[in-house]
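Since the structure comes first, as structure tokens, the remarks are kept for the end.
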Amino acid sequence: CLTETVMDTRTATAELGWISFPANGWEEVSGYDENLNTIRTYQVCNVFEPSQNNWLLTTYIDRRAAQRIYVEIRFTVRDCASIPSVLGSCKETFNLYYLETDRTVSDGIKGVDTIAADESFSQVDFGGRLMKVNTEVRSFGPLSKGRGFHLAFQDLGACMSLLAVRVFYKKCPSIVQNFAFFPETLTGAESTSLVIARGSCIPNAEEVDVPIKLYCNGDGEWMVPIGSCSCKAGYEPDNETECGRSCPQGTFKSFQGPGLCQQCPPNSRSTIEAATLCGCRNGYYRGDMDKPEDLCTSVPSAPRNVVSVVNQTSVMLEWHSPRDTGHRDDLSYNLLCRRCHSNERRACQPCDDSVVFVPGKQALKETRVEISKLRAHTSYTFDIQAVNGVSNKSPYPAQQLSINITTNQAAPSAVPIMHQVSSTSRSFSLSWPPPEQPNGIILDYEIRYYDKVGWDDKCLSMVLSETPNVVLEGLRPGTGYVVQVRARTVAGYGAYSKDMLFQTLTDDEYKSELGQQLSLIAGSLVGGVCIVSLVAIAIICTSLSEGHSSPGVKIYIDPFTYEDPNEAVREFAKEIDPSCVKIEEVIGSGEFGEVYKGRLKPVGKKEIPVAIKTLKVGYSERQRRDFLSEASIMGQFDQPNIIRLEGVVTKSRPTMIITEFMENGALDSFLRQNDGQFPVIQLVGMLRGIASGMRYLAEMSYVHRDLAARNILVNSNLVCKVSDFGLSRYLEEDTSDPTYTSSLGGKIPVRWTAPEAIAYRKFTSASDVWSYGIVTWEVMSYGERPYWDMSNQDVINAIEQDFRLPAPMDCPVVLHQLMLDCWQKDRNARPKFPDIVSMLDKMIRNPASLKAGTNNMVPGPPHHPLLDRGAPDLSRVSSVEDWLAALKMTQYRDSFLGSGFTSLPLVTQITAEDLQRIGVSLAGHQKKILTSVQLMRHQADDQSPTESV
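Using my numbering, read the sequence shown as starting at 96 and increasing by one per residue.
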């Protein structure tokens, strides 16, 4: 504890000059202390006079910012009993007061204490003036009203002397503790106060825990240390208060703390003082996960003595470990596969993605791998690389061992997918692409199928086809059949394709579709041919009718044209008894209420799963009308790619709309959950279904207005169906170019909407075609958000400047061209939905047309700032962690850093093989990362606005 004196009468050599009142009260005299030293004192002894009230006021005392003051008083008091004939007014105490002020005496004096002597004296030795001296200390505070104060002493009738008065305050001394310096600190206003003092690290020290602070208590003592500092890396403590010793050359200290400098590990050195790391010597490296105290190591030599065993289109490779592992225990192997022309060994290219490596081809720990699904009669070169934790540090390629092999004959691979071309009530037509690896000339295909419901061994049927298509006949109406196909070469049959479910039409569906086709034919014939055809149609329709009339061409009727909207519900939607509906679980929420999964058990029919939309409690009549209008719309549609309305419940609560249940939910989320899992031809099949549904709506003069992947539902058989008719409107055919013009404006889905619909609210089937192009982009990018994170206004501006979305990764050229056709600025130049269905059918019949372009990106329009939205901007992203966070792939952070991709320039050099090696196995994630890398390269190259993407 330190004290700072602000007044001490013992040091006075002249009169103190204090003010006494009355004048015959306190008297300043020279006296002696107990050691007989001359001092200035004040005395008072009017004990023989009654009613004493004698005051003594000190001069002004500067408190020097102290909030609590201590007063040490040395005094003597005469024992009243020792004074003869004294009156009853004799006292043995006096009072101490203080007055806060700015050098001017004013009212407001405050008492400190009444002070009594511990000892009083009753006699005086005139030889030595023997007396008993008392010392009392009092404190007062808090002081805040002035820069200083006066002390006042009140005598009420004592015989006493003030020998000395010392005024002081307390403070905590400056100190170095925990390698932090704390300055002198005044105590608080109260004796129990704790004053916080902030510390700062001493030279060559850094914070360990923050904040760094000590508490100064009322006695001027430090207590409760919080936080600390410690010596920096490269410095060691000299004692407990200094970090003055730096590590000499040849030593290092890599960490902050109390440790000492260490000698550099083998194969490393330090050439400066205060080194935090010893650099590796030439040819030696440290891995990304190595510690600074680990020795520097080298890359391994090549593997040895590879042996191969070829079995048809599979090969087994085994090899010995390298002689030199680089003094590391993290040795692993990478396998590079190249397919070469048998007559030109140098003409090699990377192996197909379909080639299978077990247990893998990157980061292998074993010296053995099995490779399958190679092409028959094909030459391959396999390079076996030995790598360890520092291979990515070496400027030289990894040491590798190569081997050439040639495969034998093998059976063809499986057919990837089948597609239903057409269907009747007794048959359906199927087609499929050839196997990706035919391994020879396809001799024929074997097709087997069975009734899914009543299947047993006796029901299994087989047919052969020499072409990749077949018509299965003699089937039952309205029945689902499971179909598989396999190809045969001279080496035998390949594996069967996956089970595919196809459905025949019911008799009513077939008659309806045939009637529509015949009606269309009739409308296109003229003259005598028309008459003959109409007669023929009449004969055919008569033979088909037998109580059933042809439906003809239906035209959509807007339910809002009804004076009573409930009448439209009664006309187009079937009322369902609520007792037939069983609600099971909530699967979502809509604009009007909850959406449930449930079961519908119509009377006399089997139970089916359904989706149930409900109208929330407290609805208005307008909300009920708007809610049921969707049922009035859906009830007019009957097509396999339009969501089917089962019926409504309007006569009891809650009001419900019941539709068929689509197991896989919305298309956009389904694609994101299965990123990269489908072959292109299967995606095309989904797009064909959507186009078929939209063709049906267009033929009914119906415009959807909100066509998007989120409004396409997918069932368990991957059949896509158009749904959500909330923004749809009827188009009156009173002009050659029927449009719907919104007079109210309102919200529209900008990213999916054609420019003329955004600008002028003109919605047509052509604007639906524009939206279909966006849906195609969503499907091929596996649910990526169109135009990424651009604002709606930025999207509108970009489209106005003729920007169009670039092709997704691995998107076939023909599909991106279809998108661009759908995005023609002139709506009359866009294809019609029948044209789109026809184009997709041709792609499915000719799978070779669906091969992706060699650059995986179709040449797009001039560069636009929107293109940079596909990947983080290098000017904003400063690290690999930030980049992965922007891609929402932070789960790969440790994999990237552990594999040496520690900076963005290194990331821009990454390849698909690198991604496999570091553990990014999902194809969709690989595509997203590689697309981002490609766009980052574009940003890094600083292309001019006129350069192409």
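The beta-carbon is built from N, C-alpha and C at its ideal position, and this holds for glycine as well.
Computed from a predicted model, the values in this text were never measured in an experiment.
Within the region 831-888, the complete alpha helix (DSSP H) runs of at least 4 residues fall at 850-855 and 860-875. By the neighbour-count criterion, in which a residue is buried when 16 or more other Cβ atoms sit within 10 angstroms of its Cβ, A481 is buried.
For I785, the enclosing alpha helix (DSSP H) begins and ends at V775 to E794.
Separation of the CB atoms of S862 and A849 is rounded to 4 Å, and the pair is thereby assigned contact status at 8 Å.
G688 places its beta carbon 8 Å or farther from that of S764. Across the structure, C373 and C342 are spaced so that their CA atoms are roughly 11 Å apart. Setting aside the 5 residues that flank it on each side, N812 is surrounded in the same chain by L596, each with a C-beta closer than 7 Å to its C-beta; the list follows chain order. Between N299 and Y330 the beta-carbon gap is near 4 Å, inside 8 Å, which marks them as a contact.
M875 sits buried, since 16 or more C-beta atoms from the chains shown fall within 10 Å of its C-beta. In the displayed model, K227 falls within coil according to three-state DSSP, outside both helix and strand.
Residue state for H422 is assigned as coil, using DSSP reduced to three classes.
Between G294 and F277, the CB-CB gap stays under 8 Å.
Of all alpha-carbon atoms in H472, A471 and G455, the one lying nearest the alpha-carbon of V464 is that of G455. Three or more Cβ pairs closer than 8 Å define a contact, and the region 485-498 meets that threshold against the region 409-426.
According to DSSP, residue pairing for S526 in a beta bridge involves H514 and N564. The DSSP-derived three-state label of P660 is helix. A residue is called buried once 16 or more other Cβ atoms fall within 10 Å of its Cβ, and V166 is buried on that count. Per DSSP, reduced to three states, the secondary structure at C373 is coil, with no helix or strand assignment.
Counting the other CB atoms within 10 Å of its CB gives N941 a total below 16, which places it among the exposed residues. Of the residues F347, E123 and E335, the one whose Cα lies closest to the Cα of A259 is E123. The count of Cβ pairs closer than 8 Å, one atom from the region 738-754 and one from the region 663-681, reaches three, so the stretches are in contact. With 16 or more other Cβ atoms from the protein chains shown falling within 10 Å of its own Cβ, P881 counts as buried. Membership of L246 in the beta strand (DSSP E) is indicated by the continuous run G243 to D250.
Per DSSP, the continuous alpha helix (DSSP H) segment holding R719 begins and ends at E716 to M729. Contact fails between the region 360-374 and the region 332-339, because fewer than three Cβ pairs, one in each stretch, are under 8 Å apart. When rounded, the separation of the alpha-carbon atoms in K327 and C356 is 11 Å. For the set P179, A176, V181 and I164, the Cα lying nearest the Cα of Y192 is the one of I164. In chain order, Y310 and N312 place their CB closer than 6 Å to the CB of M318, counting only its own chain and leaving out the 5 sequence neighbours on each side. Selection Y591, D174, V172 and T209 evaluated against N190 yields T209 as nearest (Cα-Cα). In this structure, V676 lies away from G699, with their beta-carbon atoms at least 8 Å apart. Here M557 is exposed: its Cβ has fewer than 16 other Cβ atoms, across all protein chains shown, within 10 Å. Under the three-state reduction of DSSP output, T501 falls in the strand class. Only residues of its own chain outside the window of five on either side were considered, and among them Y155, I156, D157 and R158 have a CB closer than 6 Å to the CB of G243, listed in chain order. The three-state reading of DSSP puts Y605 in helix, counting H, G and I together. Its chain contains S449, S508 and P511 as the residues whose beta carbon lies nearer than 7 Å to that of E531, once the 5 sequence neighbours on both sides are disregarded; these appear in chain order. Listed as beta-bridge partners of Q138 by DSSP are E122 and S256.
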